[in-house]
Ligand code: DP6
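Numbering (my numbering), first residue to last: 75 to 401.
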């Protein structure tokens, strides 16, 4: 009745910001991401008939504020698995938590993978990829979590039935590298969940963001399928800045960048002007993620490391999807 799983965070190149259905945690738009092999979450799920509620222990501390989201995800899992037992979920991240590094994505992907293994549920209802049941359960935990069930370049799409998710290219099929410039180790003040709802309610650009999103997503799919790095970079930076323009025009304003984030953006643009194949993306936090071709990783890492205010660089290749840990 217990099992452990490992999942990597992911970073969206075509982003999700805003929900279609809050109760179901259904994103308003699809997204396209890369799975970050250099960062990991390990989660153990232990079902226990004596428990009266689910318990989450993250990095050694119990998380009462996470109770609602944990219970919603575990309830969906119990409905799928036909179980009524509560569980203790123990999770450890090897990177800053709640700081715009997608810890909820890797956390909930590892959670559903471990929970399914603990109950002996067939995670792969068809073929070798996680089945749609598990994808929807992960989505209840976090809209970006289904993407961490898969490795490489990943597409999450939304239709009338819910969430679909699949791998577009495997890490070996289209090798890409990512350097994360860590600019703070602290938690952000406003979570993505609260921020995106505030944007929906108040940003004058929100409707346009939703309206223009399908074109970006379809173009992103074409770039990934063609392994067209320059076109993907142009598109991803545009989509990132579009999302941040929605954030900045939210009331009160969501300004997730710090001066160091901006300095890193300029650095990436100047590297590119010098012919280095690299582009940036930024989520709901001040960390900058630089995506590059593998041969450029050492140059990109060194350049970002030299930007004043950058604390450290976490760099690596694309990772695989969530998997059960052997013990
Ligand atoms: C800016 O998936 O963290 O990283 O569904 O409420 O858990 P919830 O939100 P979350 O939001 C991700 C926002 C983003 C963009 C992205 O990853 O697509």
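We treat Cβ as the ideally placed atom computed from N, Cα and C, and that holds for glycine.
Predicted model only: the values in this text are computed from it and were never measured.
Considering only DSSP beta bridges, list what residue 308 is partnered with. Residue 308 sits at position 234 when you count from the first residue of the chain shown. Partner(s): none; residue 308 has no beta bridge.
Report yes if the CB atom of residue 353 is closer than 9 Å to the CB atom of residue 337, and no otherwise. Position 279 of the chain shown, counted from the first residue, corresponds to residue 353. Position 263 of the chain shown, counted from the first residue, corresponds to residue 337. No. Outside cutoff.
I need the DSSP call for residue 215, collapsed to helix, strand or coil. In the chain shown, counting from the first residue as 1, residue 215 sits at position 141. Three-state DSSP puts residue 215 in a helix.
How about residue 89: is its Cβ closer than 8 Å to a heavy atom in ligand 1? The count along the chain shown starts at 1 and reaches residue 89 at position 15. Because some heavy atom of ligand 1 lies under 8 Å away, the Cβ of residue 89 counts as near it: yes.
Compute every distance between the C-beta of residue 85 and the non-hydrogen atoms of ligand 1, then say whether any falls below 8 Å. Position 11 of the chain shown holds residue 85. Checking every heavy atom of ligand 1 against the Cβ of residue 85, one is found closer than 8 Å.
Would the C-beta of residue 343 count as close to ligand 1, meaning under 8 Å from any of its heavy atoms? For this step, residue 343 is matched to residue 269 along the chain shown. No, the beta carbon of residue 343 sits no closer than 8 Å to any heavy atom of ligand 1.
Is the Cβ-Cβ distance between residue 100 and residue 237 less than 9 Å? The residue given as residue 100 occupies position 26 in the chain shown. The residue given as residue 237 occupies position 163 in the chain shown. Yes; because the gap between Cβ atoms is below 9 Å, this pair is in contact.
Candidates 179, 300, 234: which alpha carbon is nearest residue 266's? Stepping through the chain shown from its first residue, residue 266 is reached at position 192. Among 179, 300, 234, the Cα nearest to that of residue 266 belongs to 179.
Tell me whether residue 274, by its Cβ, gets closer than 8 Å to a heavy atom of ligand 3. What this structure holds is ligand 1, not ligand 3.
Let me know if residue 133 comes out buried or exposed under the rule of 16 or more other beta-carbons within 10 Å of its beta-carbon. Reading the chain shown from its first residue, position 59 is the one you call residue 133. Answer is exposed; the Cβ neighbour count stays below 16.
Note the first and the last residue of the continuous alpha helix (DSSP H) segment covering residue 353. Taking the chain shown and counting its residues from 1, one reaches residue 353 at position 279. Note, residue 353: premise wrong, no alpha helix (DSSP H); beta strand (DSSP E) at 352-356.
Can you tell me whether DSSP reads residue 101 as helix, strand or coil? Here residue 101 corresponds to residue number 27 of the chain shown, with the count starting at 1. If DSSP states are grouped into helix, strand and coil, residue 101 belongs with the strands.
On the three-state DSSP scale, how would you describe residue 379? Indexing the chain shown from 1 puts residue 379 at position 305. The answer is helix: DSSP assigns residue 379 an H, G or I state.
Assuming residue 330 contacts residue 339 (C-beta within less than 8 Å), just tell me the rounded distance between them. Along the chain shown, one-based indexing puts residue 330 at 256. Along the chain shown, one-based indexing puts residue 339 at 265. So it is not a contact: roughly 13 Å between Cβ atoms.
Three-state class that DSSP yields for residue 250 in the structure shown: Taking the chain shown and counting its residues from 1, the one referred to as residue 250 is at position 176. Residue 250: coil per DSSP, three-state reduction.
At least 3 beta-carbon pairs within less than 8 Å: the stretch 288-295 vs the stretch 307-316: yes
Are at least three pairs of beta-carbons, each pair with one atom in the stretch 111-125 and one in the stretch 269-288, less than 8 Å apart? no
Can you determine whether any heavy atom of ligand 1 sits closer than 8 Å to the C-beta of residue 267, and answer yes or no? Along the chain shown, one-based indexing puts residue 267 at 193. Within the cutoff, so yes.
Does the distance from the CB of residue 103 to the CB of residue 147 come in under 9 Å? For the purposes of this step, residue 103 is identified with residue 29 of the chain shown, where counting begins at 1. For the purposes of this step, residue 147 is identified with residue 73 of the chain shown, where counting begins at 1. Not closer than 9 Å, so no.
Please look up how many angstroms separate the CB atoms of residue 309 and residue 294, rounded, as I've assumed it's under 8 Å. Working through the chain shown from its first residue, we reach residue 309 at position 235. Working through the chain shown from its first residue, we reach residue 294 at position 220. That pair is a contact at about 6 Å.
Residue 80 to residue 184, Cα distance in whole Å? Within the chain shown, residue 80 is the residue found at index 6, counting from 1. Within the chain shown, residue 184 is the residue found at index 110, counting from 1. Going from the Cα of residue 80 to the Cα of residue 184 covers about 5 Å.
Pick helix, strand or coil for residue 210, following the three-state DSSP scheme. Taking the first residue of the chain shown as position 1, residue 210 is located at position 136. In the structure shown, residue 210 sits in a helix (DSSP, three-state: H, G or I).
Quick check on the DSSP output: the beta strand (DSSP E) that includes residue 76 runs from which residue to which? Along the chain shown, read from residue 1 onward, the residue named residue 76 stands at position 2. Counting along the chain, the beta strand (DSSP E) containing residue 76 begins and ends at 76-81.
Report yes or no: do three or more beta-carbon pairs, one from the stretch 244-261 and one from the stretch 378-386, lie closer than 8 Å? yes
Helix, strand or coil: how does DSSP classify residue 385 here? Here residue 385 refers to the residue found at position 311 when the chain shown is read from its first residue. Coil, per DSSP.
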